[in-house]
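Undergrad: One structure is given below, represented as structure tokens, and several questions about it will come after.
In the working numbering, the protein residues as written are 2 to 186.
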């Protein structure tokens, strides 16, 4: 391991040695399962799209999820093709089913933060902050269970947040403005 990877591995081993325990592990596994296949965020998008009052928010969240899948899961994971840490870091134990796709960036984290950043930007701060706490819990869970390096998770947070912000800006700059013009015209 070199550079970031060596430090990443040391952090994962520290988490395994000092934070993993019989009480916390089932809770953290539950949190990580919420992010499997983007299920929680997809469900949130669907619910938001169904409710008329939150339909706009659901549209932006759905756009963020789609862009996130294209950028992170289709493009970046295949460009970087990073090996999972449990395959490389001596002594690291993966405590969930071993993902088969590349490690970088964390898809759970980027999906969570793409939707979470939209919600944070579009709803009252207390609700948005609670959603971001859940996103952070999902991100940390990926380290705890041993399937991602810290840099995978950090870059997933950054890319997901940037994608969410980008989708908000695009919605307000182009879509919302054009819809208002249609209603006036």
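Note that the Cβ used here is the ideal one computed from N, Cα and C, for glycine as well.
Tell whether a beta-carbon distance below 8 Å holds between residue 113 and residue 50.
TA: Along the chain shown, one-based indexing puts residue 113 at 112. Along the chain shown, one-based indexing puts residue 50 at 49. Not a contact, by the Cβ cut-off of 8 Å.
Undergrad: Is residue 76 buried or exposed, if buried means 16 or more other CB atoms sit within 10 Å of its CB?
TA: If you number the chain shown from 1, residue 76 lands on position 75. Residue 76 should be labelled exposed.
Undergrad: At what residues does the alpha helix (DSSP H) containing residue 30 begin and finish?
TA: Numbered from its first residue, the chain shown carries residue 30 at position 29. From DSSP, the alpha helix (DSSP H) with residue 30 extends over 25 to 35.
Undergrad: State buried or exposed for residue 178, treating a residue as buried only when at least 16 other CB atoms are found within 10 Å of its CB.
TA: On the chain shown, residue 178 is found 177 positions in, with the first residue counted as 1. Exposed.
Undergrad: Considering just the uninterrupted stretch of the alpha helix (DSSP H) at residue 102, what are its terminal residues?
TA: In the chain shown, residue 102 corresponds to position 101, counting from 1. First-last for residue 102: undefined, no H or E at that position.
Undergrad: Hey, would you say residue 139 sits closer than 8 Å to residue 162, going by beta carbons?
TA: Walking along the chain shown from the start, residue 139 turns up at place 138. Walking along the chain shown from the start, residue 162 turns up at place 161. Cβ atoms of residue 139 and residue 162: not closer than 8 Å.
Undergrad: Among the residues of its own chain, which have a CB less than 7 Å from the CB of residue 146, if the five just before and after it don't count?
TA: In the chain shown, the residue the question calls residue 146 occupies position 145. So the list reads 29, 30, 33, 95, 96, 97, once near-sequence residues are dropped.
Undergrad: Assign residue 2 to one of three DSSP states: helix, strand, or coil.
TA: Position 1 of the chain shown holds residue 2. Reliability fails at residue 2, whose pLDDT of 38 lies under 50, so the model's placement of it is uncertain and the value that follows must be treated cautiously. Note: residue 2 maps to coil in three-state DSSP.
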